[in-house]
Amino acid sequence: MCTSSIPVQYRPVEIGEEDSPTSRSRAPEAGGRSRKLDYPPAPEPLPFPVMDNHTHLDFRDGQVAVSATDAMDAAEAVGVGFAVQVGTDVESSRFTVDAVDRDSRLLGAVAIHPNEAPVLAQAGTLEAALAEIENLAQHPRIRAIGETGLDYFRTGEDGRERQEYSFRRHLDIARRLDLALQIHDRDAHDDVVKVLRSEEPPARIVFHCFSGDADLARICNENGWFMSFSGTVTFKNARDLREALAVADPSLILTETDAPFLTPHPFRGQPNASYAVPYTVRFMAEHLGTDLEELCRRINANTRRAYGEWD
Numbered sequence: 019m020c021t022s023s024i025p026v027q028y029r030p031v032e033i034g035e036e037d038s039p040t041s042r043s044r045a046p047e048a049g050g051r052s053r054k055l056d057y058p059p060a061p062e063p064l065p066f067p068v069m070d071n072h073t074h075l076d077f078r079d080g081q082v083a084v085s086a087t088d089a090m091d092a093a094e095a096v097g098v099g100f101a102v103q104v105g106t107d108v109e110s111s112r113f114t115v116d117a118v119d120r121d122s123r124l125l126g127a128v129a130i131h132p133n134e135a136p137v138l139a140q141a142g143t144l145e146a147a148l149a150e151i152e153n154l155a156q157h158p159r160i161r162a163i164g165e166t167g168l169d170y171f172r173t174g175e176d177g178r179e180r181q182e183y184s185f186r187r188h189l190d191i192a193r194r195l196d197l198a199l200q201i202h203d204r205d206a207h208d209d210v211v212k213v214l215r216s217e218e219p220p221a222r223i224v225f226h227c228f229s230g231d232a233d234l235a236r237i238c239n240e241n242g243w244f245m246s247f248s249g250t251v252t253f254k255n256a257r258d259l260r261e262a263l264a265v266a267d268p269s270l271i272l273t274e275t276d277a278p279f280l281t282p283h284p285f286r287g288q289p290n291a292s293y294a295v296p297y298t299v300r301f302m303a304e305h306l307g308t309d310l311e312e313l314c315r316r317i318n319a320n321t322r323r324a325y326g327e328w329d
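Numbered per the numbering used here, the sequence shown finishes at 329, counting up by one with no gaps.
Here is the structure:
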């Protein structure tokens, strides 16, 4: 990959070609594998602005640290004009409040991640953390409680009761404050739906990084729950996701990066950023057989219905 095609905000240094280091930096992954730590090239700009409705600007990946403003400058240049910065614990939720104050292209979501909840509960600090999340959520540019939900991949059965308790508490906060609820659902589709059906849910629910199949998409259609598709829909082994996208109500489709994770094909494994959204959106348009600008306009309108206006 040609480094010159990476947005300048994500280039580690400006150097001559003869001095260029190898594009593959060694960093351990599961099983001791290495991964490329340079960012993907900038895609062709979209014909109409869309929103990255789930990103983590406080997470560092790759070879450089990029400010929230620089990240949004790179995204805006390719038609990703706005984003939702998402907290996963008290510290990142505080970062989120600061970020939305600094950059009008950002809205925010705050929460305790499902995998953090059992750890905090065991330490006796979950209630204090939830109280601070509710306090931070009073900020007018915080428009969602999330990411919250259930994760049966990283949390074992011994932590699931506390995880569900935290999920229900977040759901209650979102309902009382009239905020959207961003759901993290990993290997827990049935129980997530069960919790949502057992409570009075908030008016707007978003399945962040939608990971279900066509059956879950139909359940979302029936309930008016938004489905946010990330770079995972482009992965070669994501047949179920593509079937879900095909049956999803177009008025409920959103898109996201979950940056710096889940970089779309063919850059899977490299660092992700909001400017990479066009790779996913173009894939979605091609898979759906729809006009790209029409899909962009639909995603823009859907995202504003979920979170409100940015300005």
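Glycine is no exception: its CB is placed at the ideal position from the N, C-alpha and C atoms.
Setting aside the 5 residues that flank it on each side, S248 is surrounded in the same chain by C227, E274, D276, L280, each with a C-beta closer than 6 Å to its C-beta; the list follows chain order. Between A86 and L124, the C-beta gap is smaller than 8 Å, which places the two residues in contact.
In the structure shown, Q27 falls within a helical segment according to DSSP collapsed to helix, strand and coil. In the DSSP assignment, N255 falls outside any alpha helix (DSSP H) and carries neither an H nor an E. In the three-state reduction of the DSSP assignment, T298 falls in the helix class, which pools H, G and I. In the three-state DSSP reduction, H202 falls in the strand class (E or B).
For D70, the three-state secondary structure derived from DSSP is strand. Listed as beta-bridge partners of F247 by DSSP are T273. Pairing F171 with I201 gives a Cβ-Cβ distance that is not under 8 Å.
The criterion of a C-beta distance shorter than 8 Å is satisfied by A89 and A291. S110 and L144 do not touch by the CB rule: their CB atoms are close to 16 Å apart, not below 8 Å.
Beta-bridge pairing by DSSP links D169 to R204. The region 72-86 makes no contact with the region 302-322: fewer than 3 CB pairs, one atom from each, lie closer than 8 Å. Around A135, the same chain offers L144, R180, Q181, S184 as residues with beta carbons nearer than 7 Å, after the five sequence neighbours per side are excluded.
When V84, S229, E94, D233 are compared, the shortest CA-CA separation from P65 is found for E94. DSSP, read as helix, strand or coil, puts L197 in coil. Excluding residues up to 5 positions away in sequence, V108 lie with their Cβ nearer than 6 Å to the Cβ of E150 in the same chain.
C-alpha of G287 to C-alpha of D56: approximately 10 Å in a straight line. A Cβ-Cβ distance of about 14 Å is found for the pair E218 and R187, leaving them out of contact under the 8 Å criterion. By alpha-carbon distance to D190, the top candidate from N71, V295, R222 is R222.
DSSP places I151 outside any beta strand (DSSP E); the residue lies instead in the alpha helix (DSSP H), whose first and last residues are 144-154. For V104, the three-state secondary structure derived from DSSP is strand. In the structure shown, R236 falls within a helical segment according to DSSP collapsed to helix, strand and coil.
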